[in-house]
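Enquirer:
Residue numbers (the working numbering): 1 to 160.
#1: For residue 17 and residue 105, I'd like the C-alpha separation in whole angstroms.
#2: For residue 28, name the three-state secondary structure that DSSP assigns.
#3: Excluding the 5 residues preceding and the 5 following residue 29 in the sequence, name in chain order all residues of the same chain whose CB lies nearer than 6 angstroms to its CB.
#4: CB residue 93 to CB residue 119, shorter than 9 angstroms?
#5: With contact counted as at least three CB pairs below 8 angstroms, one residue from each stretch, are the region 124 to 140 and the region 70 to 80 in contact?
#6: Taking the continuous beta strand (DSSP E) assigned at residue 67, which residues delimit it?
#7: Which of helix, strand or coil does DSSP assign to residue 121?
#8: Relative to the C-alpha of residue 128, which residue among 82, 111 and 87 is closest?
#9: Alpha carbon to alpha carbon, what distance is there between residue 108 and residue 49?
See the structure below:
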């Protein structure tokens with residue numbers, strides 16, 4: 001089972017602005033490619049009406065890692081059950097969280113997504129992405145215009 005070694009690695013890599021060695025490789029609009037201790041990820045900021053992200057969807061260029069969903073503690077708290085992702089007119093895809101794999105710090109709550117296979121390809125090719133989840137009391141829905149996402153995906157894939 002890949003949960004133990006991968007989960008241990010992700011716990012070390014998880015916080016988008018943590019104390020680990022993190023380097024911002026690319027940033028454009030809601031897309032940030034970050035290298036954290038030799039692992040690269042694409043972070044997609046999910047905004048409400050203000051400029052601060054309420055949530056961040058993190059995708060890795062290799063299937064060796066789970067995806068991540070970070071949610072702001074004060075606005076959202078911990079997301080429950082699953083995330084749904086929809087690209088353009090495609091079918092909605094439900095992605096469950098890895099059970100018992102939530103973590104937190106003073107500002108963020110985060111969970112790992114079971115499988116994000118193919119999502120990075122769609123981020124590069126499609127026009128918009130809708131991300132929905134719930135905290136058990138309230139539902140949250142975010143639309144991300146994917147303009148410029150091809151450069152972000154190319155950057156995360158070439159990140160070494």
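Ideal placement from N, C-alpha and C gives every residue a C-beta, glycine not left out.
Expert: So, from the listed chains and residues:
#1: Low local confidence applies: a pLDDT of 45 at residue 17 is under 50, so the model's placement there is unreliable, and no value is given.
#2: It is a strand residue.
#3: 148
#4: A contact, by the Cβ cut-off of 9 angstroms.
#5: yes
#6: First-last of the beta strand (DSSP E) with residue 67: 67 to 72.
#7: Three-state DSSP puts residue 121 in a helix.
#8: Of all alpha-carbon atoms in 82, 111 and 87, the one lying nearest the alpha-carbon of residue 128 is that of 87.
#9: 19 angstroms
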